[in-house]
Amino acid sequence: MKISVTRCYTLAWKSFSKWWIPLCLISGIIFVFEIVPRIVVRADVNELKITARSSLTAISENDLAKLAEISPKVRAQTTRLMGKITRFGLYIFPFIALLTIILLMYANWAVKNRQETRRPLTTLIYIALVHVMLAIGKLLAFFFFFFPGAYLYVKLFFVSLIMLEGGKGAGEAIKISWQMTRGNFWELFLIVVMNTGIQFLSLPTVIGTIPATGFVNTARAAAFRMIWEEGSYAGR
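Just so you know, the sequence shown maps onto residues 98 to 333 in our numbering.
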């Protein structure tokens, strides 16, 4: 079935306005776990920037003695910073992925306007792991080629929601998501672009990213439900 982007965002707004408290609460927790690593590594980043600028100045002035003095500092600071980023990535990113799945679960409930039985924690962790693996794949696709990356992102747009709603495994969810997006690629691509724009516009306000995150995930769930229910995927 063809979806309407206008109807999708109208449904998302109505749903978000009723469920904004849990959606913003979960988004707020995600925000905290995203912002804390930036605060912790800020001093290291600033220190590395200063040292890197000094290194570039030495190169431009062909000051080999100064460059030899600065190079070990650059290596040491880079190693320290990468170590912190790696640790945060290993410990915090999977937790953020789990929170994102929980946020999608609540967004799906918001669109249906009813709370259903929560998925077991082990199921949520499994869906979060699939979410992480697909995110890495999509990022790699974007890194090498934008258009194939965008195509892959849209085609896999509903995988996590299908696993939450239909209790499907990763392989079956990918197959169904691929089918669900057929005939609606450009509408879904527009939703992705608009969601990205909403989050981008909320960045200067900082705190505005909390409701923005909740709303764009509700818009994603709204698009999912419009196709899922009217396309008779629920019975599969």
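Even glycine gets a Cβ: it sits at the ideal position worked out from N, Cα and C.
Quick one: using the 10 Å Cβ neighbour count with 16 as the cut-off for buried, is residue i buried or exposed?
i, result
"Ile233", "exposed"
"Gly180", "exposed"
"Asn81", "No statement about residue 81 is possible, as the shown extent of the chain runs from 98 to 333 and does not include it."
"Thr183", "exposed"
Take residue i as the anchor and find which of the options has the nearest alpha-carbon.
i, options, result
"Val251", "Asn292, Glu262 and Leu300", "Asn292"
"Arg104", "Ala319, Ala309 and Ile147", "Ala319"
"Leu258", "Val208, Ile304 and Gly294", "Val208"
"Phe255", "Met202, Ile222 and Gly294", "Met202"
"Thr197", "Thr176, Val229, Arg172 and Val171", "Val229"
"Asn210", "Thr107, Trp116 and Tyr106", "Trp116"
"Ala309", "Leu187, Ala204 and Ile136", "Ala204"
Is residue i helix, strand or coil by DSSP?
i, result
"Ser114", "helix"
"Arg104", "helix"
"Val303", "coil"
"Asp141", "helix"
"Leu253", "coil"
"Arg215", "coil"
"Glu158", "coil"
"Thr315", "helix"
"Arg279", "coil"
Only counting the same chain, and skipping five residues up and downstream in sequence, which positions put a Cβ closer than 7 Å to that of residue i?
i, result
"Phe239", "Gly246"
"Ile189", "Phe130 and Pro134"
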